[in-house]
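The block underneath contains the structure these notes are about, expressed in structure tokens.
Numbering (the working numbering), first residue to last: 1 to 366.
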């Protein structure tokens, strides 16, 4: 691997960003779209089972209370905000997102959603990507009333955007149940081609809505989540079907991003290889200070991978020793490893460039 994680290494990376890069770039808004990996609490305002509003979620968050993040503490958008010297973005549905807070950006993500509208139907009331984009348009109208249309367009064009989609289209759609509707409609390779085609429409729409700097994360190592181990693994091996799905999806996503950038004529979209970022610490947990990369900190059943994380679940005393917080989601420590590679990773992790380079390039334009 190119960069080993250590707390000191992350602090050095963070110091470099904050000290040398962030001051060169005027405060820029940050917008987040996607699923539970990046949801900052929108689903707390919805009647849905896809929520993280109970103890012990948020046990290591600064307030020590659940916030709607599917984490023991900070999630990926929080840590990116920290790195670029900005406060965390508020959920779009939060009543606190008014006035000056609007200028920081907004998080539109909603747990359970996917690229496809039929993904996550079991969660009933979630904010699908088309609705997230409607909210983004509504957001721009609200900001325009505050600072005017020209300044709003500038704010949006100069913003950093993160979008995380795709995992649920496999976990909560194609492989949700045996002989699911999508698995009967498509072979896996054909399904991936279809997903990539639909994702292309999403990325083009995002550009149409004003996004000009977009981090796009591929799917992680879905088959290695404790939920999948609990259902499919005998000896702790990752679930092969989902690993195969990721191996098909991610290279095609990188190709899609290159193609859309070529259409536009500039590198608007940046691909983050979340799968490789995951596999680094999942395949060698001790190197990153974890005692396990298979058992979730919070849960029950084999690998603590059955059901939800609840107040009566098993709970590990030290979250920094676990790669997984619950049956599907990383701990804050694992999220920091991921963001470290987003910030400073080589082309093995980020294509065409990492976030530090993006910020350096933008410092002369903003």
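The beta-carbon is built from N, C-alpha and C at its ideal position, and this holds for glycine as well.
{"Item": "Can you tell me whether residue 31 is helix, strand or coil according to DSSP?", "Value": "strand"}
{"Item": "Within its chain, find whatever has a CB closer than 7 Å to the CB of residue 303; leave out the 5 residues flanking it on each side and keep chain order.", "Value": "226, 229, 230, 294, 295 and 296"}
{"Item": "Within a Cβ cutoff of 8 Å, which residues of the same chain sit near residue 126, ignoring the five residues on either side of it in sequence?", "Value": "43, 46, 48, 50, 110, 111, 112, 113 and 120"}
{"Item": "Can you tell me which of 243, 29 and 224 puts its alpha carbon nearest to the alpha carbon of residue 370?", "Value": "Lying before the first or after the last residue shown, residue 370 is absent from the chain, which here runs from 1 to 366."}
{"Item": "Quick one: grab the DSSP three-state call for residue 329.", "Value": "coil"}
{"Item": "Tell me where the alpha helix (DSSP H) around residue 254 begins and ends.", "Value": "240-264"}
{"Item": "Run the CB neighbour count on residue 350, radius 10 Å, all protein chains shown included, and call it buried at 16 or more, exposed below.", "Value": "buried"}
{"Item": "Do residue 165 and residue 115 have their C-beta atoms closer together than 8 Å?", "Value": "yes"}
{"Item": "Taking 8 Å as the cut-off, decide whether the C-beta atoms of residue 156 and residue 210 are in contact.", "Value": "yes"}
{"Item": "Drop a sphere of 10 angstroms on the beta-carbon of residue 287, count the other beta-carbons inside from all chains shown, and report buried for 16 or more, exposed for fewer.", "Value": "exposed"}
{"Item": "Give, in chain order, every unbroken run of the beta strand (DSSP E) that is at least 3 residues long and sits entirely within the region 187-234.", "Value": "214-217"}
{"Item": "Might you give, ordered along the chain, the residues of its own chain that have their beta carbon closer than 6 Å to the beta carbon of residue 135, omitting 5 neighbours on each side?", "Value": "92 and 108"}
{"Item": "Tell me, please, which residues DSSP counts as bridged to residue 300.", "Value": "306"}
{"Item": "DSSP state of residue 322, grouped into three classes?", "Value": "strand"}
{"Item": "Please classify residue 101: does DSSP put it in a helix, a strand, or coil?", "Value": "helix"}
{"Item": "For my contact list, residue 278 and residue 220 are in at a C-beta cut-off of 8 Å; report their separation, rounded to the angstrom.", "Value": "4 Å"}
{"Item": "Kindly indicate which residue of 257, 259 and 222 has the alpha-carbon position closest to the one of residue 244.", "Value": "222"}
{"Item": "Excluding the 5 residues preceding and the 5 following residue 142 in the sequence, name in chain order all residues of the same chain whose CB lies nearer than 8 Å to its CB.", "Value": "102"}
{"Item": "Report back the beta-carbon spacing between residue 309 and residue 298 to the nearest angstrom; my notes put them in contact at under 8 Å.", "Value": "4 Å"}
{"Item": "Out of 162, 140 and 163, which has the shortest C-alpha to C-alpha gap to residue 152?", "Value": "140"}
{"Item": "Suppose you measure from the CA of residue 77 to the CA of residue 218; what does that come to, to the nearest Å?", "Value": "15 Å"}
{"Item": "Note down the Cα distance separating residue 29 from residue 53, rounded to an integer number of angstroms.", "Value": "26 Å"}
{"Item": "Can you tell which of 194, 264 and 202 has the C-alpha that lies nearest to the C-alpha of residue 252?", "Value": "194"}
{"Item": "Ignore the nearest five residues each way along the sequence and tell me which others in residue 87's own chain have a CB closer than 7 Å to its CB.", "Value": "81 and 104"}
{"Item": "I think residue 248 touches residue 162, with their Cβ atoms under 8 Å apart; what is that distance to the nearest whole Å?", "Value": "The pair is not a contact, with the Cβ atoms about 23 Å apart (cut-off 8 Å)."}
{"Item": "Excluding five sequence neighbours on each side, which residues of the same chain lie with their C-beta closer than 7 Å to the C-beta of residue 137?", "Value": "209"}
{"Item": "Quick check: what's the CA-CA separation for residue 239 versus residue 232?", "Value": "6 Å"}
{"Item": "Could you check whether residue 215 and residue 355 sit closer than 8 Å to each other, using their CB atoms as the reference points?", "Value": "yes"}
{"Item": "Nearest to residue 35 by alpha carbon, out of 273, 128, 73 and 100?", "Value": "128"}
{"Item": "Please state the DSSP three-state secondary structure of residue 161.", "Value": "strand"}
{"Item": "Does DSSP put residue 272 in a helix, in a strand, or in coil?", "Value": "strand"}
{"Item": "What does the alpha-carbon distance come out to for the pair residue 363 and residue 158?", "Value": "11 Å"}
{"Item": "Between residue 41 and the rest of its own chain, which residues show a CB-CB distance below 6 Å, the 5 nearest in sequence each way excluded?", "Value": "67, 68 and 91"}
{"Item": "Would you kindly check if the distance between the Cβ of residue 182 and the Cβ of residue 173 is under 8 Å?", "Value": "yes"}
{"Item": "Between the C-alpha atoms of residue 347 and residue 272, what's the straight-line distance to the nearest angstrom?", "Value": "9 Å"}
{"Item": "May I ask you to list the residues that DSSP assigns as paired with residue 315?", "Value": "298"}
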